[in-house]
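Undergrad: Once you've had a glance at the structure underneath, I'll fire off some questions.
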Amino acid sequence: MLFNSLTFLAFLCVVLVVYPRLRWRHQNLFLLIASYYFYGSWDWRFTSLLAISTIVDYYVGPAIHHTSDSRKRKLLLAISVCVNLGILGFFKYFNFFVESLGSLLHGFGFAPHLPVLRIILPVGISFYTFQTMSYTIDVYRGRLEPTRNFIDFALFVSFFPQLVAGPIERARVLLPQIAAPRVVTRTLVISGLNLMLMGYLKKVAIADTLAPLVDRIYSNPAGQDTGTLLTGAYAFAFQVYGDFSGYTDIARGVSRLLGFELLENFDAPYLSRSITEFWRRWHISLSSWLRDYLYISLGGSRKGEFRTYVNLFLTMLLAGLWHGAAWTFVVFGALHGIYLTVERIWLKNKLLETDWPISFRGWMRAVGSILLTFHLHCVSLIIFRAPDLESAWIYLKGFTRIETPWNIAPPVIFAMMVLTVWDIMQIRTGNHTWLAVLPRPVKYVVFQVVLVTILLAAVHHVNTVVPFIYFQF
Amino acid sequence: MNRSITQRFRSLPWLISGFVVALLWGELFTTILLPQSLDIMLDNLQADPVVGYIYEPHSSSAERGRGYDVPFDVNSLGLRDREIPVKQPDVYRVLLVGNSFSVSHGIAIESSFSRAVEEALNERASEFLGYRRVEVINAANAAYTANNYRLAYERWAEQLDPEAILVGFVAGREHNCDPAGTQYVVQDGRLAGRFRAGEKPRPISKSPIWKVRKFLAQNSHTYVLLRNYFYYNETIDRLVGKKDGNESVKYLRPYQQPLSPGVAAGWELAFSQLGEMQKSAQDLGDRVLIAAIPEITQVDPDYRADLVRRSGADPATVDKDQPFRMLQEFCAGAGIQVFELDDAVAEVHRKKGAYLLDNHWNELGIRAGANSLAQQWMKSGLPPFGTSPTPDPK
């Protein structure tokens, strides 16, 4: 059940009609049933995985909390981590590791017959696994009291707006909202609808319009000229941004209609002046999760310069692998690890300025940094999007030929303009729903323009519903 | 409360002007980012007592659509071709009849199917003893059916004296054949209606709404997008139980098994017209040949799969070869040579694409089809190819 389908809109209507008529506790039960129905609409078998993670962590949390024996606490934490990562590893990475091992052994002259399983990857497994793990780790670290209500906890793991593609919520943020009655105000509803509208614009009018162009270029990079390759690189950069941040906006908007406030996941990432800043603005819930539960657990920057670089690199490598079981994702992560390490060694975070410059020179330097950061990210995205490393290499090699480099297709220019203006407005107003604070006449025009754009794009793409890119992760 | 109503009323002009801006933006948005195939604007037809309609002689216009903008010049006979000279003894003349695929919709005349076939045949035939220069005359017209093919042959046979009649037969579409005696109404340079024998041609409506719709269909990408969605929408058709209105079902029908009675009857009608043409040709000592032109449905598995999905058909019931097989069966009995062009077109389609966005074949498709046709023609040993190649002077 995709957010950009009529089925989802019908499902949401039912939820929004029933939900306000229920008492708070019944609301939670109803949302839990709705969330399992939502997840089960892909494949009912997947709900059992969700249930296993939920049950294990529901019982492990209080057990850790009530034990003072550090060995026992560690053991309980290990059980939770092993079950969650075991499910994730089996469903997502088993075949990848087996195939990679097979290739390695083949390279040494062996011809092993290793089993490759026909496994369907459950949607959003990486998201909810990380989310539920954050609960157990926070309880272990003593930062969170375990919940005693199973319905509340099950809803925290399966809350449908953010179940399949995040934001990866922290238990200490979402659980208290579940455990207390929500108040759905008019302002909250308006801002929720506003967010949903923006999300659909980004997804349907931008990402889905770019999708055919991206598919065409990436399917045959060898046959494209430099201008087309550049178009493809930019197009995918804006497609993935529109797609993922669009999903997040819809998820946050839907949550607001239900009285919940989810984490921000994107904060004008393509206006970042360094890769470090980029990761503070892009997929914030994942990067902060990795920082809090992996980078810091590895020692962070507390164990000397060299270990810091190693920790940074390892964290980004795993961030890459989190995206999928393929070498392209590993290299994507490794490349970002290198970017961050180099930035830390040579630039010492000089580019990480919090305020925007005032002088013309400062502005020029900022624009240069933004462009450099964006293009470095584009290079990594080429590897991310390519079906394999060989195709990625062919794509990148294509830039060594200098032919018609400025042949950028109109959908890319449109996406670039809309998303950049959108992000500048977001930074200027400090508000994700800045449309609502515009002067009334402008607001009427902009709302109708946005609505017409979404409807026309939706009608155009009606026979080719494009799934959200991050659903596969 | 009154204040609130007054405030809302004050907002009305902004809402309305916002709506107008949104509509204008919508048109710009679809034109640049989601361009549609606007209706073809050609209005260069004229009634003809024999064929029903031909192009207006000496007319000059342009054919514009998504991805093409080509001049459309008509000769003094009403054919989309150069002026046809008096036939010389050293010329082997071929009359090409067919529909928009043969007339080469969206393609400049220099790259049209008739010219491509002419070049491909001359290139090969010149190597043979007794070579006569091949001339291919384009007597095809948009929306002609097998009924018109036969009539077009009768119309031009005596005047142009062809030795071969090449029928561009798009088997996937030919079941929409007009029966003999169909009357055609041409109005304002366009085909306005077809009426069966015995039917009284009705006056064609030209209401202001019709004019607005025509204008929008020819000029507005937003209108075409919305029209195509709401008027040709499989989901809406299914919801209202309009099975026949489902466009995908319509396009897929000739490929489905068991063969629907409507398609079977349509093909029978089309084949009977070919049979009639064959008889007339034999009487005049001419030869009927058929170029079996593939639709995109036949050569593109992804397109076919999408059509199957949208129509809700069972993929197992779809046979892409059915139209050509039916054609071959008929032609084997009638003694008509068929040249199948699907393999050659499919190969070029896989590599570079052989169709325009409105699913007519493009220049590459035409070139591949013409070369394949000439190759098969040469192998068949039929004129203009002699029985033996020119001996090597060495």
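If you're matching them up, the sequences are chains A and B in order.
Following our numbering, the numbering of the first sequence begins with 1 at its first residue and continues without gaps.
Following our numbering, the numbering of the second sequence begins with 1001 at its first residue and continues without gaps.
For each residue, glycine too, the CB sits at the ideal point set by N, CA and C.
#1: At what residue ranges does the region 1280-1317 of chain B contain a whole run of the beta strand (DSSP E), taking only runs of 3 or more?
#2: Pull the bridge partners of B:D1069 from the DSSP assignment, please.
#3: From the DSSP output, in three-state form, read off B:G1245 for me.
#4: Using 7 angstroms as the limit for Cβ to Cβ distance, is A:A458 near chain B?
#5: Please tell me whether A:F11 has its Cβ less than 7 angstroms away from any Cβ of chain B.
#6: Excluding the 5 residues preceding and the 5 following B:I1296 in the sequence, name in chain order all residues of the same chain whose CB lies nearer than 6 angstroms to its CB.
#7: Compare the Cα-Cα distances from A:P410 to each of A:Y270, A:W393, A:T209 and report the closest residue.
#8: Residues of chain B with CB under 9 angstroms from A:P387, in chain order?
#9: If I'm right that A:G242 touches A:L419 with Cβ under 8 angstroms, what's the distance once you round it to whole angstroms?
#10: Counting pairs of beta carbons, one from the region 378-387 of chain A and one from the region 186-200 of chain A, are three or more of them closer than 8 angstroms?
#11: Which whole-angstrom value is the C-beta distance of B:I1054 and B:N1141, which I expect to be below 8 angstroms?
#12: Span of the alpha helix (DSSP H) holding B:I1336?
#13: Apart from the five residues on each side of it in sequence, which residues of its chain come closer than 8 angstroms, Cβ to Cβ, to A:L347?
#14: Compare the C-beta of B:Q1375 against all C-beta atoms of chain A and say whether one is closer than 7 angstroms.
#15: When you check each C-beta in the region 407-423 of chain A against every C-beta of chain B, which residues fall closer than 7 angstroms?
#16: Hey, would you say B:A1192 sits closer than 7 angstroms to B:D1039, going by beta carbons?
#17: For B:V1134, list the residues DSSP reports as bridge partners.
#18: For A:V17, go through chain B and note every residue whose CB falls closer than 8 angstroms to its CB, in chain order.
#19: Which chain A residues are close to B:W1025, counting only those with a beta carbon under 8 angstroms from its beta carbon?
#20: Tell me the start and end of each unbroken alpha helix (DSSP H) in the region 1184-1238 of chain B that is at least 4 residues and wholly inside, in chain order.
#21: Can you name, in chain order, every residue of its own chain whose Cβ lies under 7 angstroms from the Cβ of A:I151, other than the five neighbours on each side?
#22: Closer than 7 angstroms by C-beta to B:A1116: which residues in its own chain qualify, once you throw out the five before and the five after it? Chain order, please.
#23: What did DSSP end up calling B:P1393 once you bin it into helix, strand or coil?
#24: Would you give the residue range spanned by the beta strand (DSSP E) that B:G1052 belongs to?
#25: Give the secondary structure of B:Q1256 by DSSP, where H, G and I count as helix, E and B as strand, and everything else as coil.
#26: Closer than 8 angstroms between beta carbons: that is the criterion. Which residues of the region 434-445 of chain A meet it against chain B?
#27: Is it buried or exposed, A:A415, if we count other Cβ atoms within 10 angstroms and call 16 or more buried?
#28: Taking 7 angstroms as the CB-CB limit, is B:L1357 close to chain A?
#29: Under the assumption that B:Q1376 contacts B:F1339 (Cβ atoms under 8 angstroms), give the Cβ distance between them as a whole number of angstroms.
#30: Just the Cα atoms here: how many angstroms apart are A:M425 and A:T433?
#31: So with CB distances below 7 angstroms, who are the chain A contacts of B:F1029?
#32: How far does the alpha helix (DSSP H) with A:A78 in it extend, from its first residue to its last?
#33: What is the DSSP secondary structure of B:Q1036, counted as helix, strand or coil?
#34: With B:V1101 as the anchor, note down where its alpha helix (DSSP H) starts and where it stops.
TA: Reading from the atomic positions:
#1: 1287-1292
#2: For the purposes of this step, residue 1069 of chain B is taken as the residue at position 69 of the second sequence. Beta-bridge pairing links B:D1069 to B:R1064.
#3: The sequence position of residue 1245 of chain B within the second sequence is 245, counting from 1. At B:G1245 the pLDDT is 49, less than 50, meaning the model places this residue with poor confidence; the figure from the coordinates comes in the next sentence. DSSP places B:G1245 in helix when its eight states are reduced to three.
#4: Here residue 458 of chain A corresponds to residue number 458 of the first sequence, with the count starting at 1. It does not; no Cβ of chain B falls within 7 angstroms.
#5: Locating residue 11 of chain A in the first sequence gives position 11, counting from the first residue. No, because no Cβ of chain B sits closer than 7 angstroms to the Cβ of A:F11.
#6: As a first step, residue 1296 of chain B is located in the second sequence; it is residue number 296 there, counting from the start. Same-chain partners within the cutoff: Y1303, Y1355, N1359.
#7: For the purposes of this step, residue 410 of chain A is taken as the residue at position 410 of the first sequence. Cα-wise, what sits closest to A:P410 is A:T209.
#8: Walking along the first sequence from the start, residue 387 of chain A turns up at place 387. The premise fails here: A:P387 is roughly 17 angstroms from chain B at the closest Cβ pair, so nothing lies under 9 angstroms.
#9: Within the first sequence, residue 242 of chain A is the residue found at index 242, counting from 1. Within the first sequence, residue 419 of chain A is the residue found at index 419, counting from 1. Indeed, because the Cβ distance is near 7 angstroms, the residues count as touching under 8 angstroms.
#10: no
#11: Locating residue 1054 of chain B in the second sequence gives position 54, where the first residue counts as 1. Locating residue 1141 of chain B in the second sequence gives position 141, where the first residue counts as 1. The Cβ separation is near 6 angstroms, so the contact holds.
#12: Taking the first residue of the second sequence as position 1, residue 1336 of chain B is located at position 336. Neither: B:I1336 is in no alpha helix (DSSP H) and is coded neither H nor E.
#13: Residue 347 of chain A sits at position 347 when you count from the first residue of the first sequence. Hits under 8 angstroms: S274.
#14: Position 375 of the second sequence, counted from the first residue, corresponds to residue 1375 of chain B. Not one chain A Cβ lies under 7 angstroms of B:Q1375.
#15: P410, P411, F414
#16: Translated into the one-based positions of the second sequence, residue 1192 of chain B becomes position 192. Translated into the one-based positions of the second sequence, residue 1039 of chain B becomes position 39. In this structure, B:D1039 does not lie closer than 7 angstroms to B:A1192 by Cβ.
#17: In the second sequence, the residue the question calls residue 1134 of chain B occupies position 134. DSSP, once it has assigned bridges, lists B:Y1092 as partnering B:V1134.
#18: The sequence position of residue 17 of chain A within the first sequence is 17, counting from 1. Per Cβ cutoff of 8 angstroms: no residues; A:V17 is ~22 angstroms from chain B at best.
#19: Position 25 of the second sequence, counting from 1, holds the residue named residue 1025 of chain B. In chain order: V449, V452, T453.
#20: 1208-1219, 1221-1231
#21: Within the first sequence, residue 151 of chain A is the residue found at index 151, counting from 1. Correct list, in chain order: N28, L29, L32.
#22: Residue mapping note: residue 1116 of chain B aligns to position 116 of the second sequence, counting from 1. If we look at B:A1116 and ignore the five residues flanking it on each side, its Cβ neighbours are I1366, R1367, A1370.
#23: The residue you call residue 1393 of chain B lines up with position 393 of the second sequence. At B:P1393, the pLDDT of 49 sits below 50, so the modelled position is not reliable and the matter cannot be decided from this model.
#24: Locating residue 1052 of chain B in the second sequence gives position 52, counting from the first residue. Element bounds for B:G1052: 1052-1055.
#25: The residue you call residue 1256 of chain B lines up with position 256 of the second sequence. In the structure shown, B:Q1256 sits in a strand (DSSP, three-state: E or B).
#26: R440, P441, Y444, V445
#27: Residue 415 of chain A sits at position 415 when you count from the first residue of the first sequence. That one is buried.
#28: Counting from 1 along the second sequence, the entry for residue 1357 of chain B is found at position 357. B:L1357 does not count as touching chain A.
#29: Counting from 1 along the second sequence, the entry for residue 1376 of chain B is found at position 376. Counting from 1 along the second sequence, the entry for residue 1339 of chain B is found at position 339. That belief holds up - the Cβ atoms of B:Q1376 and B:F1339 are roughly 4 angstroms apart, short of 8 angstroms.
#30: Position 425 of the first sequence, counted from the start, is the residue given in the question as residue 425 of chain A. Position 433 of the first sequence, counted from the start, is the residue given in the question as residue 433 of chain A. Cα-Cα distance, rounded: 10 angstroms.
#31: As a position in the second sequence, residue 1029 of chain B is number 29, starting the count at 1. Within chain A, the residues near B:F1029 are T453, L456.
#32: Counting from one through the first sequence, the residue named residue 78 of chain A turns up at place 78. Segment 70-88, the alpha helix (DSSP H) holding A:A78.
#33: Against the second sequence, residue 1036 of chain B aligns to sequence position 36. Note: B:Q1036 maps to coil in three-state DSSP.
#34: Mapped onto the second sequence, residue 1101 of chain B falls at position 101. Note on residue identity: the sequence assigns Phe, not Val, to residue 1101 of chain B. Segment 1100-1103, the alpha helix (DSSP H) holding B:F1101.
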